[in-house]
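Beneath this line is the structure, given in structure tokens, with notes to follow.
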Ligand code: GLC
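Residue numbers (my numbering): 30 to 585.
Okay, structure coming up:
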């Protein structure tokens, strides 16, 4: 494939509600993003993915869309959007939108029409089923946000399916007219100047047509709905059609939230002939909890297990294509607390972890605040949370027998709101985020961990991230994107070390994510970047690493 802009890109994710508020209503907006594009250009990002800002009742913070072509008034207007694209173009920053095509809001006109008139053609845009023989829901699937995945439509006596909240009815991709409507939406935004899309929950669009009940896996008698709804046989026909109809002809970048893709199907999803340009590598994001996504089921993982998962994930995509590499997003608590044990939640660890992540094979994605070394929020009580999932997971922890105090502690570790509290720009009132009352509380870190302070401090996480991005976009960008990956074994579980190679050039990335000194025999070379002033200290072949030291070097 010829060279594309994303081959050396670093993408930055913006959660618009919490990034920058230009009009003082406490909620971030598009004009605020435009104001801060210069900051992003200075950081060195090539593209931004903006989480949804479309018209929405905000049950799931914009992932419930009631008008795919409208801007929610909280975020501004279409003119604001056009101004954002225009400024981004001047700065050579691509704009990626979040396409939520598995479900709409229950306030979408299609769904309202479907409810108002079961004979309308809009009824078949959604998934309505008759009750089971006992009059209850058609099967025992549990929604991802808790409770039955079926909601009764009183008027008709039928149930509709919602994989997520009941206010997010699933769209029926079996209906060709619905699919065409969605493709028209994509075209409409492409015509407005966007360069690509992040595809929300896209592996859920094909359901098991027999809608079987599954073996219950909880005291509620319900079952995880993934086997009936995720990466189902036949999904490839939908994804191929979408690629060939809207993305392929306009050379659009797509990154999919494609959970549940088994390794043997990875080649269908990414690579030159994949359904998407790339998909997120989620293989180690949830390493702190047990498989199944239940927050209170902690895994008690070690740093060594994290290292192993990172290496295995890199190996899995090697022959196939590139994944989107990320440490954080809007659905995850902050990386330091999620990946590393207490005692290692420091700025030094943020730099070391950032180094390990940035030079993995694939396309790096950063999430707002990650470049400041952001920490989880010190929550005080359940009333502070906004996130629909946090409330559900709290209830699940109680149902599993945890005390209310313990259930609260457990959701604090995992709440999606940890990453959704406002971005901190300076230490003045409102953290520079707003002149009003912020929709989620400001982090008490504001006086120390904000953009302005970190810009002035040469040793800050932010200034280190600028160096990471500068190295990434320099002469080795092709090597970082698609060069070989080889892990270097090391007896200390905190020592992450790998080689990246292409065209006779080898780069060594090594980080000692621990509180002990470490040393190892690694290739010699020229230091390109390091966390420590006298980085890359050697005695003969032996490289000595301080606690939390990371080094990137070009091997001789
Ligand atoms: C994706 C989004 C998440 C949202 C869900 C439902 O997982 O990242 O924030 O709640 O889809 O749209």
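Note that beta-carbon positions come from the ideal geometry of N, C-alpha and C, so glycine has one too.
The stretch 107 to 186 is shown to contain whole alpha helix (DSSP H) runs of 4 or more residues at 107 to 119 and 138 to 145, in chain order.
Here DSSP, grouped into helix, strand and coil, assigns residue 218 to helix.
Of the residues 248, 309 and 556, the one whose Cα lies closest to the Cα of residue 429 is 248. Residue state for residue 286 is assigned as coil, using DSSP reduced to three classes.
When distances are taken from the beta-carbon of residue 89 to the heavy atoms of the ligand GLC, the shortest one is below 7 Å. Around residue 349, the same chain offers 295, 296, 299 and 300 as residues with beta carbons nearer than 7 Å, after the five sequence neighbours per side are excluded.
With 16 or more other Cβ atoms from the protein chains shown falling within 10 Å of its own Cβ, residue 236 counts as buried. Of all C-beta pairs linking the stretch 441 to 454 to the stretch 473 to 489, three or more are shorter than 8 Å, placing the two stretches in contact. If you ignore the 5 residues before and after residue 543, its C-beta comes within less than 8 Å of the C-beta of 332, 373, 521, 522, 523, 524, 576 and 577, all in its own chain and listed in chain order. Secondary structure remark: continuous alpha helix (DSSP H) runs of at least 4 residues inside the stretch 227 to 276, in chain order: 255 to 258 and 264 to 271. With a contact defined as Cβ atoms closer than 8 Å, residue 54 and residue 61 miss out at about 11 Å.
The DSSP-derived three-state label of residue 505 is coil. The closest CA to that of residue 99, considering only 59, 74 and 228, is found on 59. Secondary structure at residue 207: helix, using DSSP grouped into helix, strand and coil. Counting the other CB atoms within 10 Å of its CB gives residue 446 a total of 16 or more, which places it among the buried residues. No Cβ-Cβ contact shorter than 8 Å links residue 499 with residue 531. With 16 or more neighbouring CB atoms inside 10 Å of its own CB, residue 397 falls in the buried class. Proximity of the beta carbon of residue 348 to the ligand GLC is not indicated: no heavy atom of the ligand is located closer than 7 Å. Per DSSP, residue 98 lies in no alpha helix (DSSP H); the unbroken beta strand (DSSP E) holding it starts and ends at 96 to 100. In this structure, residue 125 places its C-beta atom within 8 Å of the C-beta atom of residue 76. The beta carbons of residue 204 and residue 146 sit no closer together than 8 Å. Under the three-state reduction of DSSP output, residue 554 falls in the strand class.
The Cβ neighbour count for residue 571, taken over all protein chains shown within 10 Å, is under 16; the residue is labelled exposed. For residue 402, same chain residues with a beta-carbon under 6 Å away, outside a window of 5 residues either side, are 376, 379 and 490 in chain order. A Cβ-Cβ distance of about 17 Å is found for the pair residue 439 and residue 448, leaving them out of contact under the 8 Å criterion. Collapsing the DSSP output to three states places residue 371 in coil. The residues 90, 444, 445, 446 and 449, in chain order, have a CB closer than 8 Å to that of residue 416 in the same chain once the five nearest residues on each side in sequence are set aside. Secondary structure note for residue 341: its alpha helix (DSSP H) is the uninterrupted segment 332 to 347. The beta-carbon separation of residue 347 and residue 281, rounded to 25 Å, does not stay under the 8 Å limit for a contact. When Cβ pairs closer than 8 Å are counted between the two stretches, the stretch 131 to 139 is seen not to touch the stretch 163 to 174, the count staying below three. Nearest neighbour of residue 344 by Cα position, chosen from 552, 293, 239 and 458, turns out to be 293. No heavy atom of the ligand GLC is found nearer than 7 Å to the CB of residue 137. Within 10 angstroms of the beta-carbon of residue 107 lie fewer than 16 other beta-carbons, which makes it exposed. Counting C-beta atoms within 10 angstroms of its own C-beta, residue 458 has fewer than 16 neighbours from the protein chains shown and is therefore classed as exposed. Residue side-chain check: residue 359 places its Cβ nearer than 7 Å to a non-hydrogen atom of the ligand GLC.
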